[in-house]
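Asker: Numbering (the working numbering), first residue to last: 9 to 212.
(1) Going straight from the alpha carbon of residue 58 to that of residue 130, what length do you get?
(2) Beta carbon of residue 147, beta carbon of residue 95: below 9 Å?
(3) For residue 110, which residues in the same chain have their Cβ closer than 7 Å to its Cβ, ignoring the five residues on either side in sequence?
(4) Since residue 72 sits in a beta bridge, which residues does DSSP pair it with?
(5) Could you give the DSSP three-state label for residue 40: helix, strand or coil?
(6) Let me know the secondary structure DSSP gives residue 113 once reduced to three states.
(7) Apply the 10 Å Cβ neighbour rule to residue 159 and answer buried if 16 or more other Cβ atoms are within range, or exposed otherwise.
(8) May I ask you to report which of helix, strand or coil DSSP gives residue 172?
(9) Buried or exposed: residue 198, going by 16 or more other Cβ atoms within 10 Å of its Cβ?
(10) Which stretch, first to last residue, makes up the alpha helix (DSSP H) that contains residue 19?
(11) When the Cα atoms are used, what is the spatial distance from residue 88 to residue 70?
(12) Could you check where the alpha helix (DSSP H) with residue 145 kicks off and where it finishes?
(13) When burial is assigned at 16 or more other CB atoms within 10 Å of the CB, is residue 23 buried or exposed?
(14) Taking the Cβ atom as the reference point for each residue, do residue 170 and residue 112 lie within a distance shorter than 9 Å?
(15) So, helix, strand or coil for residue 2, using DSSP?
(16) Identify whether residue 178 lies in helix, strand or coil by the three-state DSSP scheme.
(17) When the Cα atoms are used, what is the spatial distance from residue 200 to residue 151?
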């Protein structure tokens with residue numbers, strides 16, 4: 009008897025094990041312990057690792073990404089699982105302006121791939137489209153004096169830059185900790201840099 013098969017798969021690992029997706033981002037798992045299920049917008053969703061998790065936890069999810077292959081894979085999973093309350097579509101965050109009425113808007117490891125002049129409008133749209141009492145989660149690469157960004161991303165946050173955008177919100181969590189990308193250097197080591205991580209609640 010295979011005892012492993014009797015072990016229930018956690019929500020954050022369900023789609024990883026079944027479809028080979030990257031595991032749900034750790035900050036999304038943490039945010040789900042703070043943010044109630046509701047109406048969610050996932051900006052730069054990739055193949056849906058975070059969107060699918062939040063949908064599994066009870067949220068209605070709108071998922072956007074510029075990559076048609078990623079959106080195609082996510083829509084394949086949505087159809088295969090007969091999922092309700094989740095939609096995935098292509099959107100270029102460099103040009104897409106938006107509004108809405110969301111309880112939770114997230115962008116994890118996405119903003120560094122966007123053009124610098126995109127960021128102020130993108131964050132402004134995130135904030136304006138969040139319900140009073142709702143939340144934003146952002147995780148993005150930094151370029152800091154002690155850990156210069158080793159990859160020439162179009163954009164990276166400077167120290168304390170992200171926090172400044174949310175000066176009028178309640179900061180639930182903020183740090184600029186050192187982390188690693190999945191991408192590796194020529195020696196096979198994962199690139200290390202600081203990441204700005206923010207979970208903030210819009211004041212009621």
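Glycine included, each C-beta is placed from N, C-alpha and C at the ideal position.
Answerer: From the atom records:
(1) 19 Å
(2) no
(3) 47, 48, 49, 137, 138, 139, 142
(4) 51, 97
(5) coil
(6) strand
(7) exposed
(8) helix
(9) exposed
(10) 19-27
(11) 18 Å
(12) Taken as a continuous stretch (DSSP letters only), residue 145 belongs to no alpha helix (DSSP H), being part of the beta strand (DSSP E) at 138-149.
(13) buried
(14) no
(15) The question about residue 2 has no answer here: the residues shown for the chain are numbered 9 through 212.
(16) strand
(17) 11 Å
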